[in-house]
Amino acid sequence: MGIFLQEDNQINTNNITIQKNDVSREMRGNIIGKFKGFRGCTLWLTGLSGAGKTSIAFNLENYLVKLGIPAYSLDGDNMRSGLNKNLTFSKEDRQENIRRSAEVAKLFSDSGHITICSFVSPFSEDRSLARKIHQDVGLKFFEIFINASLDVCESRDVKGLYEKARNGTIKSFTGIGQNYQVPIDPDLILDTEQQTLDESTITLVKFLEGKKIIPNTPECRVEIRNNLFFNNQQTKL
Ligand code: ADP
């Protein structure tokens, strides 16, 4: 048995041994998805509420899965309605929210999925921890800053949360009661004030091609271009 409570109720992890799966990443990569090869990695979309994280994540996930590339989108609200439902929006609980979410992303990524995370994740320190959690086990992690000004996000007010934050119903709302620390050195910036949703998604697709996460053999590139359907319209790369 691994974890047990000591007399002082502290969790003792001394007797924990990390078990290494017999199945390698290479073996997984060869049996899942349409194109052979391990593509597990995490795309960490960070930005203000309403910046466009979920829209881009779902658009990209839809595109990748239709193409036969394993992908899964982990959304902040979904994490908070299940695994993290006992956490508040205090600084400490936000930290724990990100730590747990990053651990889940790590497992998805290790299983061979392109894992697309949409989390406001306002603090640099927490995002660095998410990166470390992946890099410590040799998984690629990309921080993607979804950039839109507070004014624009507030005018979009997709979920009516800014209104609630302004009238005091919600406390500690990122951008109003609480700070958002802009990423200093993100792997990619998507400016959703300058681009449409499809353009942002295509920028991300090209980024993944450049990083060799999405296969870019001539046959695949043709297939990728032929399959680019967003919002029921075909969009050219
Ligand atoms: P978040 O997940 O960051 O809170 P959402 O994706 O829920 O944001 O909402 C963003 C809103 O902004 C949506 O209504 C979306 O249609 C709109 N939007 C406008 N331009 C873009 C873009 N380039 N990328 C993503 N969303 C955009």
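For the sequence shown, UniProt numbering gives the first residue as 1, with consecutive numbering after it.
In this text, a Cβ means the ideal position worked out from N, Cα and C, and glycines have one as well.
Collapsed DSSP secondary structure at residue i in the structure displayed
i: residue 109; result: helix
i: residue 46; result: strand
i: residue 69; result: coil
i: residue 81; result: helix
i: residue 147; result: strand
i: residue 185; result: coil
i: residue 87; result: coil
i: residue 74; result: strand
i: residue 236; result: Any reading at residue 236 must be qualified, since the residue scores a pLDDT of 49, below 50, and its modelled position is unreliable; the value itself is stated next. Coil.
i: residue 123; result: coil
i: residue 170; result: coil
i: residue 214; result: coil
i: residue 178; result: strand
i: residue 98; result: helix
Candidates the options: closest to residue i by CA position
i: residue 62; options: 114, 106, 88, 153; result: 114
i: residue 246; options: 79, 185, 78, 60; result: It is not possible to answer for residue 246, since the shown part of the chain is limited to 1 through 237.
i: residue 135; options: 24, 40, 204; result: 40
i: residue 184; options: 123, 164, 21, 66; result: 123
i: residue 188; options: 21, 154, 139, 210; result: 210
i: residue 27; options: 111, 145, 118, 151; result: 111
Buried/exposed call for residue i, threshold 16 Cβ in 10 Å
i: residue 137; result: exposed
i: residue 3; result: Note on residue 3: pLDDT 45, under 50, position unreliable in the model; the coordinate value appears next. Label assigned to residue 3: exposed.
i: residue 169; result: exposed
i: residue 143; result: buried
Residue i versus residue j - alpha carbon distance
i: residue 54; j: residue 20; result: 33 Å
i: residue 24; j: residue 38; result: 10 Å
i: residue 175; j: residue 152; result: 12 Å
i: residue 49; j: residue 32; result: 33 Å
i: residue 77; j: residue 67; result: 26 Å
i: residue 164; j: residue 150; result: 15 Å
i: residue 89; j: residue 195; result: 30 Å
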